[in-house]
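Numbering (my numbering), first residue to last: 399 to 742.
C-beta atoms are modelled at their ideal positions from N, C-alpha and C, and glycine is treated no differently.
Keep in mind that this is a model prediction, so the values were computed, not measured.
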């Protein structure tokens with residue numbers, strides 16, 4: 399059965415971060431990651447409805463999810479493939495899905511292309527790197543990946559790269575800021591037209607990026623530290639800094655990032671989800687908050703469940719009192735504003 403048209407109950411949602419392309423090649427128990435890649439053993443078809451994971455085309459259309467920054471992510475720093483090879487494989491996987499989608503699964507490079515995809519009831523993928531592991535000190539890979547569609551880049555995941563250090567989920571990582579190469583990476587991204595993402599970077603690196611970047615910075619999938627003091631969330635000073643540069647923050651739906659307990663096995667209420675949006679609106683306005691679900695990369699509240707459940711959140715935001723202009727901004731306008739400003 400073909401996917402339904404895009405749900406228009408609310409403005410199409412453009413999500414700041416989804417991990418589905420990493421998940422479709424996850425190895426079965428006992429398999430290595432390398433074996434899964436070499437055999438082409440895809441465990442999910444993103445064009446067919448599934449009970450696995452959070453996102454596929456039918457559920458996205460049903461939930462009014464019109465697209466996202468699609469994460470290219472090296473799942474483990476000890477992975478058996480070189481990061482640049484792994485990134486190329488994941489991008490190739492994304493293009494393969496697009497090739498057999500009859501135009502309903504698109505790789506987009508500009509805000510205009512995203513909007514055109516929605517006119518055709520298509521899902522708009524904008525490629526992002528969750529960690530700059532595939533980029534070397536020479537930056538030669540950056541231009542090649544840009545030509546392949548890369549438009550958003552985080553210097554690091556929650557580990558260290560040659561560019562920066564992340565916030566550690568466990569153990570400790572260096573607390574210093576951007577390296578010399580990291581400052582050069584910011585300059586290269588500004589020059590090419592690649593948006594910089596501060597999700598996962600440590601506080602010192604965050605402030606270095608704020609000072610160094612000449613273009614708006616975003617947090618693709620972070621939530622509010624004033625509600626949940628999780629190390630991955632943003633404090634009010636960081637939220638103000640992103641807003642001050644014209645950026646936006648995607649609210650991460652990971653249970654531990656939402657719930658005041660910070661427990662990943664918690665099950666936050668719909669009211670808690672909405673509270674994270676409301677905190678940012680109250681602090682800096684509705685021009686600086688967006689969706690950043692982390693679908694297929696996190697355990698999320700049962701009230702949402704998957705992409706098809708997004709209208710539950712949109713209705714709750716509407717009930718909170720956000721009007722048509724605010725809803726347009728929160729659902730897609732804020733991310734598309736930055737995409738248009740930086741990338742065209």
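If you draw a straight line from the Cα of residue 541 to the Cα of residue 742, it is about 17 Å long. Between the segment 510-529 and the segment 696-713 there are fewer than three C-beta pairs closer than 8 Å, too few to call the two in contact. Residue pairing by DSSP places residue 506 opposite no residue, since no beta bridge is assigned to it. Setting aside the 5 residues that flank it on each side, residue 533 is surrounded in the same chain by 539, 540, each with a C-beta closer than 6 Å to its C-beta; the list follows chain order.
By the neighbour-count criterion, in which 16 or more other beta carbons inside 10 Å mark a residue as buried, residue 464 falls on the buried side.
Rounded to whole angstroms, the separation of the alpha carbons of residue 399 and residue 692 is 27 Å.
With contacts defined by Cβ atoms closer than 8 Å, residue 645 and residue 415 do not form a contacting pair. The beta carbon of residue 672 sits closer than 8 Å to those of 711, 714, 715, 718, all from its chain and outside the five residues before and after it, given in chain order.
Put simply, the segment 492-503 does not touch the segment 721-731. Fewer than three CB pairs are less than 8 Å apart.
Judged by DSSP secondary structure, residue 670 falls within the alpha helix (DSSP H) whose first and last residues are 668-682. By a beta-carbon distance limit of 8 Å, residue 469 contacts residue 417. Their separation comes to about 5 Å. In the three-state scheme derived from DSSP, where H, G and I count as helix and E and B as strand, residue 592 is classed as coil.
By the neighbour-count criterion, in which 16 or more other beta carbons inside 10 Å mark a residue as buried, residue 406 falls on the exposed side. Contact annotation: residue 637 and residue 647 have beta-carbon atoms nearer than 8 Å. Going by C-alpha positions, residue 630 is about 14 Å away from residue 674. Of the candidates 457, 633, 487, 502, 487 places its Cα closest to the Cα of residue 471. For residue 422, the closest C-alpha among the options 665, 404, 445 is that of 445. In this structure, residue 736 and residue 593 form a Cβ contact; the two beta carbons are roughly 6 Å apart against a cut-off of 8 Å.
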